[in-house]
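Participant:
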Amino acid sequence: MTKAPVNAIQDAAVQGKVRAVERALRLLERLAGVSGGMRLGELAKAERLSPATCLRLLTTMQERGFVRFDGASGGWMVGGAALHVGANVGATRKIMNIADPVARQLSAARGLPVNIGILEGRSVTFLYRATPNGAATTAPPQQPLPVNCSAIGKAILSGLPLPEVGTLLGGGRLA
630 MTKAPVNAIQ
640 DAAVQGKVRA
650 VERALRLLER
660 LAGVSGGMRL
670 GELAKAERLS
680 PATCLRLLTT
690 MQERGFVRFD
700 GASGGWMVGG
710 AALHVGANVG
720 ATRKIMNIAD
730 PVARQLSAAR
740 GLPVNIGILE
750 GRSVTFLYRA
760 TPNGAATTAP
770 PQQPLPVNCS
780 AIGKAILSGL
790 PLPEVGTLLG
800 GGRLA
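Using the working numbering, read the sequence shown as starting at 630 and increasing by one per residue.
(1) Please name the residue or residues paired with residue 699 in a DSSP beta bridge.
(2) With 16 as the cutoff for other CB atoms within 10 Å, does residue 738 come out buried or exposed?
(3) Indicate whether residue 669 and residue 690 have their beta-carbon atoms separated by less than 8 Å.
(4) Leaving out five residues on either side along the sequence, give the residues of the same chain with a beta carbon under 7 Å from the beta carbon of residue 688.
(5) Let me know if residue 678 comes out buried or exposed under the rule of 16 or more other beta-carbons within 10 Å of its beta-carbon.
(6) Can you give me the C-alpha to C-alpha distance between residue 695 and residue 708, rounded to a whole angstrom?
(7) For residue 744, list the residues DSSP reports as bridge partners.
(8) Report the residue from 750, 791, 730 whose alpha carbon sits nearest the alpha carbon of residue 757.
(9) Assuming residue 773 and residue 743 make a contact with CB atoms under 8 Å, what is their CB distance in whole Å?
(10) Mind checking residue 732: buried by the 16 CB within 10 Å criterion, or exposed?
(11) Quick one, which of 682, 746, 681 has its alpha-carbon nearest residue 715's?
(12) Pick helix, strand or coil for residue 753, following the three-state DSSP scheme.
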């Protein structure tokens with residue numbers, strides 16, 4: 630079993646983090662990034678957890694519907710509760726009510742898909758896509774992208790005051 634160094638545990642405590650929650654969220658993010666799920670052993674290895682710890686985290690999330698186990702493949706996958714929570718991000722921010730008619734109209738007029746996303750920290754999370762045929766869908770699950778690594782992120786940056794852009798881009802090397 631891999632144990633975190635004492636100073637890492639103290640650092641987490643000082644920052645107000647709960648290690649178990651941090652680990653569970655990392656597992657959920659890892660599962661969201663793969664199609665077809667992952668077996669317990671490969672998931673534990675990828676996250677540097679013991680299989681027993683990994684299984685306890687997964688079964689806890691499974692009880693709440695955030696992950697599910699597929700007996701046929703032996704893989705763990707993202708569950709419906711995660712989708713429900715994720716879908717409510719846009720609803721709680723009322724973005725979709727405002728953006729939907731504009732996105733559909735723009736997409737139809739230009740004959741191109743229109744993506745809607747939000748800036749969260751230094752990353753962009755995609756929420757929604759309107760297509761020229763009038764269909765609108767939630768964006769497929771994916772990891773947030775650094776703001777400078779997507780067209781929508783660059784569009785968001787173009788509308789921000791220059792000092793805020795400098796803060797977001799951090800002055801270091803860009804991804």
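From the three backbone atoms N, C-alpha and C, an ideal C-beta is built for every residue, glycine too.
Facilitator: By the coordinates alone:
(1) Here residue 699 is taken as the residue at index 70 of the sequence shown, counted from 1. Answer is 704.
(2) Here residue 738 refers to the residue found at position 109 when the sequence shown is read from its first residue. When all chains shown are included, residue 738 counts as exposed.
(3) Residue 669 sits at position 40 when you count from the first residue of the sequence shown. Residue 690 sits at position 61 when you count from the first residue of the sequence shown. No, the Cβ-Cβ distance between residue 669 and residue 690 is not below 8 Å.
(4) In the sequence shown, residue 688 corresponds to position 59, counting from 1. Nothing listed; no residue qualifies.
(5) What you label residue 678 is simply residue 49 of the sequence shown in a count that begins at 1. Counting Cβ neighbours within 10 Å, residue 678 comes out buried, since at least 16 surround it.
(6) Locating residue 695 in the sequence shown gives position 66, counting from the first residue. Locating residue 708 in the sequence shown gives position 79, counting from the first residue. Whole-angstrom Cα-Cα distance: 4 Å.
(7) Reading the sequence shown from its first residue, position 115 is the one you call residue 744. Bridge partners of residue 744: 758.
(8) Position 128 of the sequence shown holds residue 757. It is 730.
(9) Numbered from 1 along the sequence shown, position 144 holds the residue referred to as residue 773. Numbered from 1 along the sequence shown, position 114 holds the residue referred to as residue 743. Not a contact, Cβ separation roughly 19 Å.
(10) Your numbering for residue 732 matches position 103 in the sequence shown. It counts as buried.
(11) Taking the sequence shown and counting its residues from 1, one reaches residue 715 at position 86. Checked all of 682, 746, 681; the closest Cα to residue 715 is 746.
(12) Mapped onto the sequence shown, residue 753 falls at position 124. In the structure shown, residue 753 sits in a strand (DSSP, three-state: E or B).
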